[in-house]
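Participant: Every number in my numbering is 962 more than the matching position in the sequence shown, counting from 1.
Glycine included, C-beta positions come from ideal geometry on N, C-alpha and C.
Below is one structure. I have some questions about it.
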Amino acid sequence: MTKEEWKQLIERGPVLLDGATGSNLMASGMPRGVCTETWILDHREVLIGLQRAYQEAGSQIIYAPTFAANRIGLAAHGLENRVEEYNQRLVEVSKEAVGGKALIAGDLTTTGRQIGAGITYEELLDVYKEQIICLANAGVDLLVAETMISIDETMAALDAAHEVCDLPVMCSLTVSADGSAFFGGNAVEAMESLQAMGADAVGLNCSVGPDQLEAVVRCMKQVAEVPVLVKPNAGMPLIDEKGNAVYTMREEAFADAMERLIAEGAWVIGGCCGTTPDYIRALARKIKKR
């Protein structure tokens, strides 16, 4: 996908992303503590069914399950030498799922390492460049750096992408309800910094529900020169007696809250933890009415 094709997609109306992956995989039997990427490759049919359901519900962009398939993430499972293999195979699963009926975003996330506290900017750059080259070679249509916890690390991922490919790059941080990032800065500063570096969409995902983000999205839109991305959870979870997160915001309430965020300026939208294809279907109906 070229930058021009991305602009054309944006001009046609709000762009619908997919919903949660991890919470749905766990509901389908994935145990805690395993390597998610390995589990997916061993249970391809589960992810294929989920992503096909998202595409059928209306998702225009599906996130490949390459979330932590970088050198640092895979090293936790002794797989740091299999970055190329894992990214190639995981993208292939998503391609099989959507059959060319949706775009595939190569998914990057935080390494969990903070610049100046065990890793340098240059080292982070190398980690992201390695994974992005693998994703580009695997044939993704665009990239997304998501659930990022600091602006600096997101900048490293964006820098890395620009060094090794020409794909559009979406960036989203996980923030508190007031828009503050976990390691300094806030959503407005993220928008200003990342769009200046050439990000093709900037926004938020995870952490909170859509009903808590109206003021944050409004403030981001005031400085935005690129689309505002919002991919929140199905509300704030409750923790049950087994330590599981239980999301209580239902599909229509989620879609109603997301419609209010569209009115505030959100334009690239989807769901994170707790959402399912039914949530995306409800959101697609709202978009269609617009």
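Out of L987, G995, A1019 and Q1022, point me to the one whose CA is closest to E1007's CA.
Facilitator: As a working mapping, residue 1007 is identified with position 45 in the sequence shown. Nearest option by C-alpha distance: L987.
Participant: Can you tell me which of the three DSSP states Y1083 falls into?
Facilitator: The residue given as residue 1083 occupies position 121 in the sequence shown. Residue state, collapsed to three classes: helix.
Participant: For the region 1139-1150 against the region 1099-1115, are there 3 or more C-beta pairs whose distance is under 8 Å?
Facilitator: Yes: the two stretches touch, three or more of their Cβ pairs being nearer than 8 Å.
Participant: Going by beta carbon distance, what residues of the same chain come within less than 6 Å of I972, once the five residues before and after it are set aside?
Facilitator: For the purposes of this step, residue 972 is taken as residue 10 along the sequence shown, with counting starting at 1. Correct list, in chain order: P1189.
Participant: Can you name the residues that DSSP bridges to M1110?
Facilitator: In the sequence shown, counting from the first residue as 1, residue 1110 sits at position 148. Answer is L1135, bridged to M1110.
Participant: Candidates M992, V1192, T1136 and E1046: which alpha carbon is nearest G1232's?
Facilitator: Translated into the one-based positions of the sequence shown, residue 1232 becomes position 270. The shortest C-alpha separation from G1232 is found at V1192.
Participant: Which same chain residues end up closer than 6 Å to E1046 when comparing Cβ atoms and leaving out the 5 residues on each side of it in sequence?
Facilitator: In the sequence shown, residue 1046 corresponds to position 84, counting from 1. Correct list, in chain order: C1096.
Participant: When you compare each of G1061, V1185, D1121 and V1208 to Q1256 by their alpha carbons, which one comes out closest?
Facilitator: Outside the shown range of the chain, which is 963 to 1252, sits residue 1256, and nothing can be said about it.
Participant: Using a Cβ-based criterion (distance less than 7 Å to any ligand heavy atom), does L1087 qualify as near the ligand SAH?
Facilitator: Only the bare structure without any ligand can be found here, which leaves the ligand SAH out of the picture.
Participant: Would you mind giving the Cβ-Cβ distance between V1178 and G1141, rounded to the nearest angstrom? I have them listed as a contact below 8 Å.
Facilitator: In the sequence shown, the residue the question calls residue 1178 occupies position 216. In the sequence shown, the residue the question calls residue 1141 occupies position 179. So it is a contact: roughly 4 Å between Cβ atoms.
Participant: Keeping to the same chain, check which residues put their C-beta closer than 6 Å to that of V1230; ignore five residues upstream and five downstream.
Facilitator: Position 268 of the sequence shown holds residue 1230. Counting only Cβ-Cβ distances below 6 Å, and skipping sequence neighbours, we find V977, A1163, P1189 and L1191.
Participant: How many Å lie between N1049 and G1101 at the Cα?
Facilitator: Numbered from 1 along the sequence shown, position 87 holds the residue referred to as residue 1049. Numbered from 1 along the sequence shown, position 139 holds the residue referred to as residue 1101. About 10 Å.
Participant: So the candidates are A989, H1039 and A1059; which of them puts its Cα closest to the Cα of G1011?
Facilitator: Residue mapping note: residue 1011 aligns to position 49 of the sequence shown, counting from 1. Nearest of A989, H1039 and A1059 to G1011, Cα basis: A1059.
Participant: For K1063 and A1079, what's the separation of their Cα atoms in angstroms?
Facilitator: Taking the sequence shown and counting its residues from 1, one reaches residue 1063 at position 101. Taking the sequence shown and counting its residues from 1, one reaches residue 1079 at position 117. If I take the Cα positions, the gap works out to 42 Å.
Participant: For C1168, which of K965, M1198 and A1015 has the nearest alpha-carbon?
Facilitator: Working through the sequence shown from its first residue, we reach residue 1168 at position 206. When only C-alpha atoms are compared, the closest one is M1198.
Participant: Along the chain, where does the beta strand (DSSP E) containing L1166 start, and where does it finish?
Facilitator: For the purposes of this step, residue 1166 is taken as the residue at position 204 of the sequence shown. Taken as a continuous stretch (DSSP letters only), the beta strand (DSSP E) holding L1166 covers A1163 to N1167.
Participant: Helix, strand or coil for Y1209? Go by DSSP, reduced to three states.
Facilitator: Residue mapping note: residue 1209 aligns to position 247 of the sequence shown, counting from 1. Note: Y1209 maps to coil in three-state DSSP.
Participant: At which residues does the alpha helix (DSSP H) containing L1245 begin and terminate?
Facilitator: In the sequence shown, residue 1245 corresponds to position 283, counting from 1. Segment P1239 to K1251, the alpha helix (DSSP H) holding L1245.
Participant: Going by DSSP, what residues sit across from I1023 in a beta bridge?
Facilitator: Sequence index remark: in the sequence shown, residue 1023 carries index 61 (1-based). In DSSP, I1023 forms a bridge with L1065.
Participant: Mark E1108 as exposed unless 16 or more other C-beta atoms lie within 10 angstroms of its C-beta, in which case mark it buried.
Facilitator: Here residue 1108 is taken as the residue at index 146 of the sequence shown, counted from 1. Looking at its Cβ environment, which holds 16 or more other Cβ atoms inside 10 Å, E1108 is buried.
Participant: Just to confirm, are M1153 and M1182 a CB contact at a threshold of 8 Å?
Facilitator: On the sequence shown, position 191 is the one that residue 1153 refers to. On the sequence shown, position 220 is the one that residue 1182 refers to. It is a contact, given that the beta carbons lie within the stated cut-off.
Participant: Classify P1027 as buried or exposed, calling it buried when 16 or more other Cβ atoms lie within 10 Å of its own Cβ.
Facilitator: Along the sequence shown, read from residue 1 onward, the residue named residue 1027 stands at position 65. Under this definition P1027 is a buried residue.
Participant: Along the beta strand (DSSP E) that carries K1204, what are the first and last residues, could you check?
Facilitator: In the sequence shown, residue 1204 corresponds to position 242, counting from 1. It is not in any beta strand (DSSP E) - K1204 carries neither H nor E in the DSSP assignment.
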